[in-house]
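Numbering (my numbering), first residue to last: 85 to 418. From the three backbone atoms N, C-alpha and C, an ideal C-beta is built for every residue, glycine too.
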Amino acid sequence: MKKVLRTVFAVFMLFALLFASSACKKGENASDNNSGEKKKIGIVQIIEHPSLNTIRESFIEELEKKGFKDGENITIDYQNAQNDQTNLKAICQRFSSNNYDLIVAIATPSAQAAAGETDEIPVLFSACTDPISAGLVDSLEKPGKNVTGTSDRVSSEKIMELAVRITPDIKKIGALYNSSEINSISMINDLKEYAQKNGMTVVEATVANTAEVQQAVQSLVGKVDAIFSPIDNTVASAMPVVAEVANKARIPVYVGADSMVEDGGLATYGINYISLGQETAHMAAEILNGKNPGDIPVRTMSDLQIYINKATADAIGVTIPEDVMKEAVRVFDK
Ligand code: TRP
């Protein structure tokens, strides 16, 4: 009899416990809703250049369409690190110690800084060329931890194939990039592989910051038939200077992103960054609605297109072949 009573008592206690814990959880949720507390989203951007600004703007716009509006049900804290590692760290530390609900990191250096600060707060990266080499995720399909995002990886080979269609006599190709941007290094490695297969020589001109870009381009004048610059944040922010020097020397500059073509590069075979910003917003909405970042695969963009700058072509005396022109999704004429 005693045994039966004990069992009944144990079962009763178990139910009591279960009830108490579920009531407690409900209480937490209710207080979340009742207090109307807005979720805090920190956006960190390594530097302001046209492409990263496009990503941020389209991200915020699309997030609003998904029902998350700054000042209404979320608070967005946007910070620009001005290409400075110390700033970057301070921004990410503040986001983390203030316990933000989500950190959106635009470009690879921002993502590395954010992921280095927290392994609890969801970190959503945007436009990381090579998230695996950057140490952000172990696998694109199963990121696993608190970090996921979108990648803007494009093929150096495809860009070079386009380059050869436009200017067939490339024997020496200048590689212009910041050697501390891991996003650039992986595309430059692909370029080297392409060059080796196709009997081209790569002449490197690396920079550490935007102030060094002009000198680096100048160093390639007379040494190369064309210049290749990957999706490099430092070069992208100094692209008008690159175009000025290269155009004067009549050197075609092939680049990794549409904004770099708009800013004077000759051509690219690239992705649409408005769509990438929107895709990042869809992932943000999933995370804000409770999904675990580690369960969301990294998204890549498969829709690659040709971008041409006709004014640059004219300035350096290059005729863009008819078929390339027809294929181009966008032709800039300034
Ligand atoms: N992909 C770059 C990175 O991984 C960021 C980036 C996005 C970028 N759009 C760009 C760089 C355009 C140069 C130009 O950091």
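Practice problem: Specify, as a first and last residue, the run of the beta strand (DSSP E) that Val-286 falls within. | Solution: In this chain, the beta strand (DSSP E) harbouring Val-286 covers 285–291.
Quiz prompt | First and last residue of the uninterrupted alpha helix (DSSP H) at Asn-317 | solution = Per DSSP, Asn-317 belongs to the alpha helix (DSSP H) from 317–321.
Quiz item: Within 8 Å: the Cβ of Tyr-357 and any heavy atom of the ligand TRP?
Solution: Yes - the ligand TRP has a heavy atom lying nearer than 8 Å to the Cβ of Tyr-357.
Quiz item: Between the segment 206–224 and the segment 158–175, do at least 3 Cβ pairs fall closer than 8 Å?
Solution: As far as the Cβ criterion goes, the segment 206–224 does not touch the segment 158–175, which means the pair count is below three.
Quiz item: In three-state DSSP terms, what is Thr-251?
Solution: Three-state DSSP puts Thr-251 in coil, outside helix and strand.
Quiz prompt | For Ala-341, three-class secondary structure by DSSP | solution = The answer is coil: DSSP assigns Ala-341 none of H, G, I, E or B.
Quiz item: Would you say Thr-232 and Leu-208 are within 9 Å of each other, going by their C-beta atoms?
Solution: Closer than 9 Å, so yes.
Quiz item: Do you know how far the Cα of Lys-418 is from the Cα of Asp-407?
Solution: Approximately 21 Å between the Cα atoms of the pair.
Quiz item: Can you give the beta carbon distance from Thr-294 to Ala-322, rounded, assuming they're within the 8 Å contact cut?
Solution: That belief holds up - the Cβ atoms of Thr-294 and Ala-322 are roughly 4 Å apart, short of 8 Å.
Self-check item: Distance between Ile-139 and Lys-229 (C-alpha atoms, nearest Å)
Solution: Answer to the nearest angstrom: the Cα atoms are 24 Å apart.
Quiz item: So is Thr-403 buried or exposed if we call it buried at 16+ other beta carbons inside 10 Å?
Solution: In this structure Thr-403 is exposed. Its beta-carbon is surrounded by fewer than 16 other beta-carbon atoms within 10 angstroms.
Quiz item: Can you tell me whether DSSP reads Arg-178 as helix, strand or coil?
Solution: If DSSP states are grouped into helix, strand and coil, Arg-178 belongs with the helices.
Quiz prompt | Bounding residues of the beta strand (DSSP E) (the contiguous stretch that carries Phe-209) | solution = Where Phe-209 is concerned, the enclosing beta strand (DSSP E) stretches over 207–210.
Quiz item: What's the C-alpha gap between Leu-286 and Asn-273?
Solution: Inspection of the sequence shows that residue 286 is occupied by Val rather than by Leu. Taking the straight line from one Cα to the other gives about 11 Å.
Self-check item: Tyr-391, DSSP secondary structure in three states
Solution: Of the three classes helix, strand and coil, the one that applies to Tyr-391 here is strand, per DSSP.
Quiz item: Hey, Ala-368 and Leu-186 are a contact pair by Cβ (cut 8 Å); roughly how many whole angstroms apart?
Solution: Taking 8 Å as the upper bound for CB-CB distance, Ala-368 and Leu-186 are in contact here, some 6 Å apart.
Self-check item: Boundaries (first-last residue) of the alpha helix (DSSP H) holding Phe-143
Solution: 134–149 is the span of the alpha helix (DSSP H), which, as asked, contains Phe-143.
Quiz item: Per DSSP, what kind of secondary structure is Ser-235 in: helix, strand or coil?
Solution: Looking at Ser-235 - three-state DSSP - the assignment turns out to be strand.
Exercise. For Lys-474, name the three-state secondary structure that DSSP assigns.
Key: Given that the chain is displayed from residue 85 to residue 418, the structure contains no residue 474 and the question cannot be resolved.
Practice problem: Would you kindly work out how many angstroms separate the C-alpha atoms of Thr-251 and Ala-279, rounded to a whole number? | Solution: Between Thr-251 and Ala-279, the C-alpha separation is close to 15 Å.
Self-check item: Closest residue to Ile-335 among Gly-349, Pro-324, Asp-342 and Ser-135 (Cα-Cα distance)
Solution: The shortest Cα separation from Ile-335 among Gly-349, Pro-324, Asp-342 and Ser-135 belongs to Gly-349.
Exercise. Using beta-carbon positions only, say whether Leu-129 and Asn-164 come within less than 9 Å of one another.
Key: First, the amino acid is wrong: residue 129 is Gln here, not Leu. Contact flag set, yes.
Exercise. Can you check DSSP and say which residues form a bridge with Val-128?
Key: Paired residue(s): Gln-163 and Ala-189.
Quiz item: How big is the Cα-Cα spacing for Ser-263 and Ile-127?
Solution: Ser-263 and Ile-127: Cα-Cα distance of roughly 25 Å.
Exercise. Report the partner residues of Gly-258 according to the DSSP bridge assignment.
Key: According to DSSP, which records beta bridges pairwise, Gly-258 is partnered with Val-287 and Ile-311.
Practice problem: Please look up how many angstroms separate the CB atoms of Gly-258 and Val-308, rounded, as I've assumed it's under 8 Å. | Solution: 4 Å between Cβ atoms; contact.
Quiz item: To the nearest angstrom, how far is it from the Cα of Glu-148 to the Cα of Thr-159?
Solution: Distance between the alpha carbons of Glu-148 and Thr-159: 12 Å.
Quiz prompt | Backbone CA spacing between Gln-302 and Val-329 [nearest angstrom] | solution = When the Cα atoms are used, Gln-302 and Val-329 turn out to be separated by approximately 7 Å.
Quiz item: Exposed or buried, which one is Asp-203 when buried takes at least 16 other CB atoms within 10 Å?
Solution: Exposed, by the Cβ-count rule.
Exercise. Compute the distance between the beta-carbons of Glu-241 and Glu-277, then report whether it is under 9 Å.
Key: Glu-277 is positioned such that its CB atom lies closer than 9 Å to that of Glu-241.
Quiz item: Ile-158 by DSSP, collapsed to three states: which one?
Solution: Ile-158 carries a strand assignment under DSSP once its states are collapsed to helix, strand and coil.
Exercise. For Lys-123, name the three-state secondary structure that DSSP assigns.
Key: Correct three-state label for Lys-123: strand.
Quiz item: By a C-beta neighbour count over all protein chains shown, 10 Å radius and 16 as the cutoff for buried, is Asp-342 buried or exposed?
Solution: With a 10 Å radius around the Cβ and a threshold of 16 neighbouring Cβ atoms, Asp-342 comes out buried.
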